[in-house]
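Written out below as structure tokens is the structure these notes cover.
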Amino acid sequence: MPSVIPMNSKFSSLAEHAYAQIKQKIFNFEMMPGDLISEGNLAKLVAVSRTPLRQALQRLQHGGFIKAIPKIGWQVSPLDFNKLDELYDFRILIELNAIKALGNLNRDNQILKDLQKSWLTPKSRRSFNALDVGMLDEQFHASLVKASGNEEMLKTHSEISERIKIVRRLDFTKNNRINSTYDEHGQIIKAILAGRTAEAQRLLKAHIEQSKIEVRKITLSMLQEARNQAVG
1 MPSVIPMNSK FSSLAEHAYA QIKQKIFNFE MMPGDLISEG NLAKLVAVSR TPLRQALQRL
61 QHGGFIKAIP KIGWQVSPLD FNKLDELYDF RILIELNAIK ALGNLNRDNQ ILKDLQKSWL
121 TPKSRRSFNA LDVGMLDEQF HASLVKASGN EEMLKTHSEI SERIKIVRRL DFTKNNRINS
181 TYDEHGQIIK AILAGRTAEA QRLLKAHIEQ SKIEVRKITL SMLQEARNQA VG
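The following block contains the structure:
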């Protein structure tokens, strides 16, 4: 494993560029879980020198996106379903607390208005673009946490969302899962608007638990199919 390289003004912007580019390639399935990656190829791919690249790789390792393989190089982190379960459980705790905060908001609050606009829509107006729905889903759950007013919880929730983004995106490759997401989000919002906080929490927990079940169904063939769609 390379030694830790301190950040400085000369390389920080290049390191940030490399970090963002590599992470996006992982999310786009251009770099698959389990893939071995060399620093030389990555340096050419993202057009940076070795020093900012190593800074980016160390940051990606800290975030759990890649891992160092002694005497070999780096590897895109394989899917660890036990770790994903833990992240989903942590996410549930944060969002249940956020639901409680939402229950105390005025019904004219902009957060609630935005959630209604996105999710309480007729089936004929639903988006079935996996990328768009994935982004909307992230915004939905982030909005719940933002409403709590707890900046540390929002920061932690954001980090969890990044860690599970690759499997969450796979959850929106099938229309039945997209429809379920719209239906379940709509039910949660309606319960919040009606002041039924306990019901909203129950619905939210069931919603995320179902996502955990779907994640367990992910196979290498599904990942390969997602890669083919991305490059096709």
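The opening residue of the sequence shown carries number 1 in my numbering; numbering runs sequentially from there.
Glycine included, C-beta positions come from ideal geometry on N, C-alpha and C.
Only a predicted model underlies this, so the values are computations on that prediction, with no experimental measurement involved.
With 16 other CB atoms within 10 Å as the buried threshold, where does I192 fall? One-based indexing of the sequence shown puts residue 192 at position 192. Buried: at least 16 other Cβ atoms inside 10 Å.
Any 3 or more C-beta pairs closer than 8 Å across the segment 12-20 and the segment 30-40: no
Beta carbon of D171 nearer than 8 Å to that of E214: As a working mapping, residue 171 is identified with position 171 in the sequence shown. As a working mapping, residue 214 is identified with position 214 in the sequence shown. Contact flag set, yes.
Between L93 and L144, which are expected to be in contact by the criterion C-beta below 8 Å, what is the C-beta distance as a whole number of angstroms? Along the sequence shown, one-based indexing puts residue 93 at 93. Along the sequence shown, one-based indexing puts residue 144 at 144. The pair is not a contact, with the Cβ atoms about 12 Å apart (cut-off 8 Å).
Counted within 10 angstroms of its Cβ, other Cβ atoms place A147 as buried (16 or more) or exposed: Start at 1 with the first residue of the sequence shown, and residue 147 comes out as number 147. Burial call: buried.
Selection from R216, Q116, T156 and H185 that minimises the alpha carbon distance to R202: The sequence position of residue 202 within the sequence shown is 202, counting from 1. Out of R216, Q116, T156 and H185, H185 has the C-alpha closest to the C-alpha of R202.
Starting from G40 and walking both ways along the alpha helix (DSSP H), at which residues does that stretch end? Start at 1 with the first residue of the sequence shown, and residue 40 comes out as number 40. Where G40 is concerned, the enclosing alpha helix (DSSP H) stretches over E39 to V46.
Among I26, A198, I66 and A43, the one whose alpha carbon lies nearest that of V167: Indexing the sequence shown from 1 puts residue 167 at position 167. Checking every option, the nearest Cα to that of V167 belongs to I26.
Quick check for students: name the residue ranges of the alpha helix (DSSP H) that lie wholly in the segment 9-35, counting only runs of 4 or more. 9-27
Could you give the uninterrupted runs of the beta strand (DSSP E) lying entirely in the segment 45-111, keeping only those of 3 residues or more? 66-69 and 73-76
Give the DSSP-derived three-state secondary structure of K190 in the structure shown. Here residue 190 is taken as the residue at index 190 of the sequence shown, counted from 1. K190: helix per DSSP, three-state reduction.
Mind checking which residues open and close the alpha helix (DSSP H) that includes F140? Position 140 of the sequence shown, counted from the first residue, corresponds to residue 140. Residues A130 to K146.
Is it the case that the CB of L60 approaches a heavy atom of the ligand COA more closely than 7 Å? Ligands displayed in this structure: none; no statement on the ligand COA is therefore possible.
Is it true that the CB of Y88 sits closer than 8 Å to the CB of I189? Locating residue 189 in the sequence shown gives position 189, where the first residue counts as 1. Locating residue 88 in the sequence shown gives position 88, where the first residue counts as 1. No, the pair does not count as a contact, with Cβ atoms beyond the cut-off.
With distances taken between CB atoms, is the gap from L275 to L53 smaller than 8 Å? Outside the shown range of the chain (1 to 232) lies residue 275, about which nothing can therefore be said.
Range of the contiguous alpha helix (DSSP H) that encloses I218: On the sequence shown, position 218 is the one that residue 218 refers to. That residue, I218, is in no alpha helix (DSSP H); it is neither H nor E in DSSP.
Going by beta-carbon coordinates alone, are V76 and I66 separated by less than 8 Å? Counted from its first residue, the sequence shown places residue 76 at position 76. Counted from its first residue, the sequence shown places residue 66 at position 66. Yes. Within cutoff.
So what's K174 in DSSP terms, helix, strand or just coil? Taking the sequence shown and counting its residues from 1, the one referred to as residue 174 is at position 174. Coil at K174, not helix or strand.
Hey, G64 and E39 are a contact pair by Cβ (cut 8 Å); roughly how many whole angstroms apart? As a first step, residue 64 must be located in the sequence shown, where it is residue number 64. As a first step, residue 39 must be located in the sequence shown, where it is residue number 39. The pair is not a contact, with the Cβ atoms about 19 Å apart (cut-off 8 Å).
Taking just the CA atoms, how far does V46 sit from S13? Reading the sequence shown from its first residue, position 13 is the one you call residue 13. Reading the sequence shown from its first residue, position 46 is the one you call residue 46. Distance between the alpha carbons of S13 and V46 is about 13 Å.
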